[in-house]
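Take a look at the structure below.
Residue numbers (our numbering): -11 to 99.
So this is what it looks like as structure tokens:
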């Protein structure tokens, strides 16, 4: 990841945003997707096209339905310790989408 940032002379602010989004997606993949099974992989792909970073994170899990994920900003969910990863990625990225199976996220961050 550092090589891409040096090559494109990206700011620390963009680096922090991308690092946080990748961290949240990878944690979700390990904990929820792969159910902490260390035999399963998490694939991380990062590439740059036209002033936009594209990030793909994929796990070997069964996937999930994005529309059934609870909204972490609703009053009944605000004090819960978990459940903010997808919201963080959606908020910080310029676009976020999951494949139909729900085991691969693609998000974009413009710079």
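Note that CB positions come from ideal geometry on N, CA and C, so glycine has one too. In this text the structure is predicted, and so the values were computed from the model without any measurement.
What residue range is occupied by the uninterrupted beta strand (DSSP E) comprising residue 43? Residue 43: member of the beta strand (DSSP E) spanning 40 to 47, first to last residue.
Determine the direct distance from the alpha carbon of residue 89 to that of residue 100, and round the result to whole angstroms. Only positions -11 to 99 of the chain appear in this structure, which leaves residue 100 out of reach.
Is residue 83 helix, strand or coil when you go by DSSP? strand
Please report the distance separating the alpha-carbon of residue -7 from that of residue 3. Using only the alpha carbons, I get a separation of about 7 Å.
What does the alpha-carbon distance come out to for the pair residue 28 and residue 17? 10 Å
Within 10 Å of its beta-carbon, does residue 47 have 16 or more other beta-carbons around it, so buried, or fewer, so exposed? buried
By the 10 Å Cβ neighbour count, where 16 or more other Cβ atoms means buried, how is residue 66 classified, buried or exposed? So residue 66 counts as exposed.
So, using beta-carbon positions, are residue 77 and residue 95 closer together than 8 Å? yes
I'd like to check one pair, residue 32 with residue 14: are the Cβ atoms closer than 8 Å? In contact: residue 14 and residue 32 (Cβ atoms closer than 8 Å).
Proximity of residue 74 and residue 45 at Cβ, strictly below 8 Å: no
In whole angstroms, give me the CA-to-CA distance for residue -5 and residue 38. 14 Å
Is it the case that the Cβ atoms of residue 22 and residue 49 are separated by a distance below 8 Å? yes
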